[in-house]
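In the numbering used here, the protein residues as written are 104 to 229.
By construction, the Cβ of each residue, glycine as well, lies at the ideal position given by its N, Cα and C atoms.
Written below as structure tokens is the structure these notes are about.
Shown next, in the form of structure tokens:
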């Protein structure tokens with residue numbers, strides 16, 4: 104059974120290692136999009152390369168996903184896992200395939216996965 108659910112029940116949850124594999128951050132191509140739902144200042148301080156940014160506050164205000172990610176599985180991440188859980192629930196209710204990352208960007212960085220800042224340099228988790 105897939106970890107992704109589309110519009111039925113709550114979203115699944117994945118570890119940072121599973122997220123890295125599914126999004127191609129652990130070597131292979133990956134089929135999912137890493138969606139970072141933190142606020143802009145957090146994103147600018149440090150995020151995963153190739154992640155897509157759309158804050159939870161924007162999502163709850165009705166913002167739509169960028170067109171290039173709408174039909175793809177979403178792995179939703181925040182700083183620690185609380186906002187990403189809310190965002191994944193909202194996205195699943197809207198019909199998207201979404202799961203959230205347990206431990207968020209804190210665990211991502213702690214696992215030695217890449218983090219870049221807004222200029223492409225070494226990022227930090229704000």
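Can you name, in chain order, every residue of its own chain whose Cβ lies under 7 Å from the Cβ of residue 220, other than the five neighbours on each side? Taking the chain shown and counting its residues from 1, the one referred to as residue 220 is at position 117. Closer than 7 Å at the Cβ level, and outside the excluded window around residue 220, lie 147, 148, 149 and 226.
With DSSP as the reference, label residue 142 as helix, strand or coil. Start at 1 with the first residue of the chain shown, and residue 142 comes out as number 39. In this structure, residue 142 counts as coil in the three-state DSSP scheme.
Taking the continuous alpha helix (DSSP H) assigned at residue 157, which residues delimit it? Position 54 of the chain shown holds residue 157. Taken as a continuous stretch (DSSP letters only), residue 157 belongs to no alpha helix (DSSP H), as it is neither H nor E.
Name, in chain order, the residues that DSSP records as bridge partners for residue 177. Residue mapping note: residue 177 aligns to position 74 of the chain shown, counting from 1. 136 and 201.
Let's see if you can read the secondary structure: which residues bound the beta strand (DSSP E) around residue 117? As a working mapping, residue 117 is identified with position 14 in the chain shown. Residue 117 -> beta strand (DSSP E) spans 115-117.
What number of angstroms, rounded off, separates the C-alpha of residue 137 from the C-alpha of residue 189? Indexing the chain shown from 1 puts residue 137 at position 34. Indexing the chain shown from 1 puts residue 189 at position 86. So the two alpha carbons sit approximately 15 Å from each other.
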